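Trainee: Handing you a structure now.
Number of protein chains: 2
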Amino acid sequence: MRILLTGGAGFIGSHFSDRLLAEGHQVVVYDNLLTGSLDNIAHLLDRRDFTFIEHDVSESIPVEGQFKAVLHFASPASPNPNSPFGYPQLPIQTLKVGAMGTFNTLRIARAHEARFLLTSTSEVYGDPLEHPQREDYWGNVDPVGLRSVYDEAKRFAEAITMAHHRKHDLDTRIARIFNTYGPRMRLDDGRVVPNFLCQALTNQPLTIYGDGSQTRSFCFIDDMVEGLYRLLMAEGDVHLPVNIGNPVEVSIAALAEIVGQVSGQAIQTQTLPDQRGPSDPQRRRPDISRAKAWLDWEPKVTLETGLRLTMDDFKARL
Amino acid sequence: MRILLTGGAGFIGSHFSDRLLAEGHQVVVYDNLLTGSLDNIAHLLDRRDFTFIEHDVSESIPVEGQFKAVLHFASPASPNPNSPFGYPQLPIQTLKVGAMGTFNTLRIARAHEARFLLTSTSEVYGDPLEHPQREDYWGNVDPVGLRSVYDEAKRFAEAITMAHHRKHDLDTRIARIFNTYGPRMRLDDGRVVPNFLCQALTNQPLTIYGDGSQTRSFCFIDDMVEGLYRLLMAEGDVHLPVNIGNPVEVSIAALAEIVGQVSGQAIQTQTLPDQRGPSDPQRRRPDISRAKAWLDWEPKVTLETGLRLTMDDFKARL
Chain A
2 MRILLTGGAG
12 FIGSHFSDRL
22 LAEGHQVVVY
32 DNLLTGSLDN
42 IAHLLDRRDF
52 TFIEHDVSES
62 IPVEGQFKAV
72 LHFASPASPN
82 PNSPFGYPQL
92 PIQTLKVGAM
102 GTFNTLRIAR
112 AHEARFLLTS
122 TSEVYGDPLE
132 HPQREDYWGN
142 VDPVGLRSVY
152 DEAKRFAEAI
162 TMAHHRKHDL
172 DTRIARIFNT
182 YGPRMRLDDG
192 RVVPNFLCQA
202 LTNQPLTIYG
212 DGSQTRSFCF
222 IDDMVEGLYR
232 LLMAEGDVHL
242 PVNIGNPVEV
252 SIAALAEIVG
262 QVSGQAIQTQ
272 TLPDQRGPSD
282 PQRRRPDISR
292 AKAWLDWEPK
302 VTLETGLRLT
312 MDDFKARL
Chain B
2 MRILLTGGAG
12 FIGSHFSDRL
22 LAEGHQVVVY
32 DNLLTGSLDN
42 IAHLLDRRDF
52 TFIEHDVSES
62 IPVEGQFKAV
72 LHFASPASPN
82 PNSPFGYPQL
92 PIQTLKVGAM
102 GTFNTLRIAR
112 AHEARFLLTS
122 TSEVYGDPLE
132 HPQREDYWGN
142 VDPVGLRSVY
152 DEAKRFAEAI
162 TMAHHRKHDL
172 DTRIARIFNT
182 YGPRMRLDDG
192 RVVPNFLCQA
202 LTNQPLTIYG
212 DGSQTRSFCF
222 IDDMVEGLYR
232 LLMAEGDVHL
242 PVNIGNPVEV
252 SIAALAEIVG
262 QVSGQAIQTQ
272 TLPDQRGPSD
282 PQRRRPDISR
292 AKAWLDWEPK
302 VTLETGLRLT
312 MDDFKARL
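Heads up: the protein sequence lines correspond to chains A and B, in order. Counting in the numbering used here, the first sequence runs from 2 upward without gaps. Counting in the numbering used here, the second sequence runs from 2 upward without gaps.
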């Protein structure tokens, strides 16, 4: 089928483009390249079943032809305040693509009677008071905190998506994406996996903030793409949000060790003071019962395997 | 000074127009009359210092001349799903005026280097787990629940207002308005005060849902206007949200009794099953320490006095 995909030049969006094309769909990508990159889709630009349109979907979106599905992936996504591509550096753009971008794509889905998929985020849970996070947990987000430009934008995007489902009977789906890593991540993304890999590949000590006991759950991109594709193709009542992520929880200190093993070198670490803001999550881990039940999905790729594949990609790009 | 006010034909907006004019300001009201009414501002339409423009501020806003302050009051505000003017019946419009309406008014404030005031709501606290609610409580809102069209729109509006303050150094203020009542409320608003008053005035039994033990805090409109005006005029660092509401908590059963006393008649009550949705708040009461400290404000009007004044107005309109 013919599919409109916003943010298709981004990390997850470009991998999802690959998958859609591999499944025989036609893909039209809209991306303003604010945080995405043409490098991610360079291998697709000559294909006849792939179209790239450089455009900010927070503005009105001009379309040609009919779409069977509209997928809204576009958004800055790195929480790192020191990265030029982190949403703290792009507050207004992040808020706009969550609100106007979602409105604009929903409008197209409605006009075309197309299926709609929103990629939301585990950040809607904020600094969670329940652990692991189930989809019916309402979250703990500071509406006026520094991270609210992303968290509230995505909560708003979910609200408007559900409103279109309820009011207009639009066939909508919402994926709550947890931490994901893999080839094509920005080297300067600012999150811990790219940071560690870049440091390991350039023989620098890995930087650990605080005591390294804070945990994360890392999902390899192939697993993420599989979960998202199943959610897109699922039939039936799959309109409420679905967590897609890896439930295996690992401390930052343990991650550093695994990066060391994967790199095959002796790795040093350097400890810096905890830079967490007051609303940065200490722990986050998905409960994926819903994805298992609705999509028969769970992650397959181990952290060691995923990191090895990612390191190969980083090595080639450094 | 010359002031742009959205939602100025609404209940609170029209009273605030009166106050601004009484203080010598010029007021330009934008209102699409979706839930507001010309009746509320009929007495102002001939004044030279007052302009009314029928316009949906979720669209782009054409302005003439310069403004010193931009106040964004516009939004459906009744949670009643049975009222045609409740936001559950107007989900998309409610989401749009919270997102695009706030963006559009912020854009004008920025272009005019004007002060900006957002009227947010106690609904950002959702079904609160802390009681009473302080401004630094992050709330308990279901992002995909039926009420999220209002709650998340206002949380988003707060996030984008703070982002404009931080990113563009805009002089912004955020009022979190708690339950307010008074003359000019819609007779068919659907909330408990207008319901009780209409029932009392037409000799019907007052309808109590559930056992009547659920509590609310009711602020009379004159107190609300005073608090909002002080927040607008305050100098200094008053950018974080400020609760404006009455901390006196009263049960619905007790409210029925007071309505009976004020009406001077024997009042009957009728008990219906609790119709609360899963995210309707059981209790809500503002902590107004911040308003006291920053604005030297607290409510003055007793519930008896306020209900008497409101009943006089309702009697004249019924």
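From the three backbone atoms N, C-alpha and C, an ideal C-beta is built for every residue, glycine too. Keep in mind the model is a prediction, meaning the values are calculated, not measured.
Per DSSP, what are the beta-bridge partners of Phe-221/A in this structure?
Mentor: Residue numbering aside, residue 221/A sits at position 220 when the first sequence is read from its first letter. Phe-221/A pairs with Tyr-182/A.
Trainee: Helix, strand or coil for His-73/A per DSSP?
Mentor: The residue given as residue 73/A occupies position 72 in the first sequence. Three-state DSSP puts His-73/A in a strand.
Trainee: Please report how far the alpha carbon of Ser-149/B lies from the alpha carbon of Trp-139/B, in whole angstroms.
Mentor: In the second sequence, counting from the first residue as 1, residue 149/B sits at position 148. In the second sequence, counting from the first residue as 1, residue 139/B sits at position 138. Between Ser-149/B and Trp-139/B, the C-alpha separation is close to 15 Å.
Trainee: Excluding five sequence neighbours on each side, which residues of the same chain lie with their C-beta closer than 8 Å to the C-beta of Leu-22/A?
Mentor: Position 21 of the first sequence holds residue 22/A. Same-chain partners within the cutoff: Val-28, Leu-45, Arg-48, Asp-50 and Phe-51.
Trainee: Expressed to the nearest angstrom, what Euclidean distance is found between the alpha-carbon atoms of Ile-62/A and Phe-117/A?
Mentor: Counted from its first residue, the first sequence places residue 62/A at position 61. Counted from its first residue, the first sequence places residue 117/A at position 116. C-alpha separation (whole angstroms): 15 Å.
Trainee: Can you tell me the Cα-Cα spacing of Pro-282/B and Thr-36/B, whole angstroms?
Mentor: Mapped onto the second sequence, residue 282/B falls at position 281. Mapped onto the second sequence, residue 36/B falls at position 35. Rounded to the nearest angstrom, the two C-alpha atoms are 23 Å apart.
Trainee: Go ahead and pull the three-state DSSP assignment for Val-64/B.
Mentor: One-based indexing of the second sequence puts residue 64/B at position 63. In the structure shown, Val-64/B sits in coil (DSSP, three-state: anything other than H, G, I, E or B).
Trainee: Take Ser-121/A as the anchor and find which of Glu-258/A, Ser-18/A and Ile-161/A has the nearest alpha-carbon.
Mentor: As a position in the first sequence, residue 121/A is number 120, starting the count at 1. The candidate whose alpha carbon is nearest that of Ser-121/A is Ile-161/A.
Trainee: List the residues of chain A whose Cβ lies closer than 7 Å to the Cβ of Asn-141/B, in chain order.
Mentor: Indexing the second sequence from 1 puts residue 141/B at position 140. Result: Trp-139.
Trainee: Gln-134/A by DSSP, collapsed to three states: which one?
Mentor: The count along the first sequence starts at 1 and reaches residue 134/A at position 133. Strand at Gln-134/A.
Trainee: Kindly list the residues whose CB is nearer than 7 Å to the CB of Phe-197/B, restricted to its own chain and excluding five residues on each side of it in sequence; keep chain order.
Mentor: To locate residue 197/B, count along the second sequence from 1; it is residue 196. Only Leu-207, Leu-256, Ala-257 and Val-260 meet the Cβ criterion.
Trainee: By Cβ distance below 7 Å, which residues in the same chain neighbour Thr-321/B in space, the five residues on each side in sequence not counted?
Mentor: Only positions 2 to 319 of chain B appear in the structure, and residue 321/B is not among them; the question remains open.
Trainee: Whose Cβ in chain B lies nearer than 8 Å to the Cβ of Glu-299/A?
Mentor: Position 298 of the first sequence, counted from the first residue, corresponds to residue 299/A. Simply none; closest approach about 23 Å.
Trainee: Which same chain residues end up closer than 6 Å to Val-194/B when comparing Cβ atoms and leaving out the 5 residues on each side of it in sequence?
Mentor: On the second sequence, position 193 is the one that residue 194/B refers to. The residues are Tyr-182.
Trainee: At the 8 Å Cβ level, is Ser-15/A part of the contact set with chain B, yes or no?
Mentor: Here residue 15/A is taken as the residue at index 14 of the first sequence, counted from 1. No, no contact with chain B.
Trainee: Starting from the C-beta of Leu-188/A, find all residues in its chain whose C-beta is less than 8 Å away, skip the five residues before and the five after it, and write them out in chain order.
Mentor: What you label residue 188/A is simply residue 187 of the first sequence in a count that begins at 1. The residues are Pro-195, Cys-199, Phe-315, Arg-318 and Leu-319.
Trainee: Which residues of chain A have a Cβ atom closer than 8 Å to the Cβ of Met-101/B, listed in chain order?
Mentor: In the second sequence, the residue the question calls residue 101/B occupies position 100. Ordered by position in chain A, the residues that pass the 8 Å Cβ test against Met-101/B are Ala-100, Met-101 and Phe-104.
Trainee: Val-239/B CB to nearest chain A CB: under 8 Å?
Mentor: As a working mapping, residue 239/B is identified with position 238 in the second sequence. So no, Val-239/B is outside the interface.
Trainee: Hey, could you find the ends of the beta strand (DSSP E) Arg-3/B is sitting in?
Mentor: Locating residue 3/B in the second sequence gives position 2, where the first residue counts as 1. Counting along the chain, the beta strand (DSSP E) containing Arg-3/B begins and ends at 3-7.
Trainee: If contacts are defined as beta-carbon pairs under 8 Å, then Val-251/B and Arg-291/B qualify, I think. What distance do you get, rounded to the angstrom?
Mentor: As a first step, residue 251/B is located in the second sequence; it is residue number 250 there, counting from the start. As a first step, residue 291/B is located in the second sequence; it is residue number 290 there, counting from the start. Incorrect: roughly 22 Å between the Cβ atoms, too far for contact.
Trainee: Please tell me whether Ala-235/A has its Cβ less than 8 Å away from any Cβ of chain B.
Mentor: Residue numbering aside, residue 235/A sits at position 234 when the first sequence is read from its first letter. It does not; no Cβ of chain B falls within 8 Å.
Trainee: What alpha helix (DSSP H) runs, 4 residues minimum, are completely inside the stretch 85-163 of chain B?
Mentor: Listed in chain order, the complete alpha helix (DSSP H) runs (minimum 4 residues) inside the stretch 85-163 of chain B are 92-112.
Trainee: At which residues does the beta strand (DSSP E) containing His-196/B begin and terminate?
Mentor: The sequence position of residue 196/B within the second sequence is 195, counting from 1. Per the sequence shown, residue 196/B should be read as Asn rather than His. Where Asn-196/B is concerned, there is no enclosing beta strand (DSSP E), although the alpha helix (DSSP H) it sits in stretches over 193-202.
Trainee: According to DSSP, is Leu-232/A part of a helix, a strand, or is it coil?
Mentor: In the first sequence, counting from the first residue as 1, residue 232/A sits at position 231. It is helical.
Trainee: Tell me where the alpha helix (DSSP H) around Ile-253/A begins and ends.
Mentor: The count along the first sequence starts at 1 and reaches residue 253/A at position 252. Counting along the chain, the alpha helix (DSSP H) containing Ile-253/A begins and ends at 253-264.
Trainee: Step through the CB atoms of chain A and report whether any lies within less than 8 Å of the CB of Phe-157/B.
Mentor: Here residue 157/B refers to the residue found at position 156 of the second sequence. Yes - at least one Cβ of chain A is within 8 Å of the one on Phe-157/B.
Trainee: Between the C-alpha atoms of Ser-38/B and Gly-213/A, what's the straight-line distance to the nearest angstrom?
Mentor: In the second sequence, counting from the first residue as 1, residue 38/B sits at position 37. In the first sequence, counting from the first residue as 1, residue 213/A sits at position 212. Straight-line Cα distance between these residues: approximately 59 Å.
Trainee: Using alpha carbons as the reference points, say which of Lys-69/A, Thr-95/A and Gln-67/A lies closest to Ser-79/A.
Mentor: Counted from its first residue, the first sequence places residue 79/A at position 78. Among Lys-69/A, Thr-95/A and Gln-67/A, the Cα nearest to that of Ser-79/A is on Thr-95/A.
Trainee: Any idea what DSSP makes of Leu-273/A, helix, strand or coil?
Mentor: Position 272 of the first sequence holds residue 273/A. In this structure, Leu-273/A counts as strand in the three-state DSSP scheme.
Trainee: With the cut-off set at 8 Å, would you say Pro-246/A and Asn-141/A are in Cβ contact?
Mentor: Translated into positions along the first sequence, residue 246/A becomes position 245. Translated into positions along the first sequence, residue 141/A becomes position 140. One point to set straight first is that residue 246/A is Gly, not Pro, in the sequence displayed. Cβ atoms of Gly-246/A and Asn-141/A: not closer than 8 Å.
Trainee: Output yes or no for whether 8 Å exceeds the beta carbon distance between Arg-285/B and Ser-123/B.
Mentor: Here residue 285/B is taken as the residue at index 284 of the second sequence, counted from 1. Here residue 123/B is taken as the residue at index 122 of the second sequence, counted from 1. Contact flag set, yes.
Trainee: Cβ of Pro-92/A within 8 Å of Cβ of Lys-155/B?
Mentor: Locating residue 92/A in the first sequence gives position 91, counting from the first residue. Locating residue 155/B in the second sequence gives position 154, counting from the first residue. It is not a contact, given that the beta carbons lie outside the stated cut-off.
Trainee: If you check the beta carbons only, do Val-1/A and Leu-229/A fall under 8 Å apart?
Mentor: For chain A, the structure presents residues 2 to 319; residue 1/A sits outside this window and is missing.
Trainee: Does any C-beta atom of chain A lie closer than 8 Å to the C-beta of Ala-294/B?
Mentor: Locating residue 294/B in the second sequence gives position 293, where the first residue counts as 1. Chain A contact via Cβ: absent.
Trainee: Please list, in chain order, the residues of the stretch 63-85 of chain A that have any C-beta partner in chain B closer than 7 Å.
Mentor: Answer in chain order: no residues at all.
Trainee: With a cut-off of 8 Å on the beta carbons, I'd call Ile-209/A and Pro-248/A a contact; round off their distance for me.
Mentor: Indexing the first sequence from 1 puts residue 209/A at position 208. Indexing the first sequence from 1 puts residue 248/A at position 247. About 23 Å separates the two Cβ atoms, so there is no contact after all.
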